[in-house]
Amino acid sequence: MTNEQSVGVALAGNFTDQAPPAEQLASAAALIAWLLYSLHLPIDALVGRKEIETSHGSPGKQWMQGANYKATLVRQVQAILDAAIEVEPRAVPMWSSCRPVCVSWKRRWPACSHWPIRQPPWPSRCKICATA
């Protein structure tokens, strides 16, 4: 994996002595899952910058040592990806308050054609179409 074959996501903070807060990891997991899904990348594409550029210090010493927050992040991203279900997608009007998911795929989030702009856990029912 090289920088040219990846998408960069940076977390604000210094993670030399401690891992990011749980809320920050959950938000990052939701974003990374969406990016992997949208760009058709495998979970193995989730790498820290210093795994590509060994002289770089980011994402901190706790990435793969100590707190090993990479493992936590991988588990969270995989759980989100596993929650995506196979369905026939349908387009959502542009004026909708929810964002449509890529209609070229047969997977979408979470269980209807609307994807509320928020991080997991998603509500049990879509607020627009009431799909469970």
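Converting from the sequence shown to the numbering used here requires adding 122 to each position, the first position being numbered 1. Built from N, CA and C at the ideal position, the CB exists for glycine as well.
- For the pair PRO181 and LEU133, the CB atoms are nearer than the 8 Å cut-off.
- With fewer than 16 neighbouring CB atoms inside 10 Å of its own CB, PRO143 falls in the exposed class.
- Inclusion of ALA155 and LEU195 in the CB contact set at 8 Å is not warranted, their separation being larger than that value.
- For LYS172, the enclosing alpha helix (DSSP H) has its first and last residue at 171 to 174.
- Out of ALA206, GLN198, ALA201 and ALA193, the CA that lies nearest to the CA of GLY170 is found in ALA193.
- According to the DSSP assignment, GLN146 belongs to the alpha helix (DSSP H) that extends over 144 to 160.
- According to the DSSP assignment, ALA201 belongs to the alpha helix (DSSP H) that extends over 191 to 205.
- Cβ-Cβ separation between LEU157 and ILE165: approximately 12 Å, too far for a contact (criterion under 8 Å).
- The beta carbon of LEU161 lies closer than 7 Å to those of VAL129 in the same chain, with the five residues before and after it left out.
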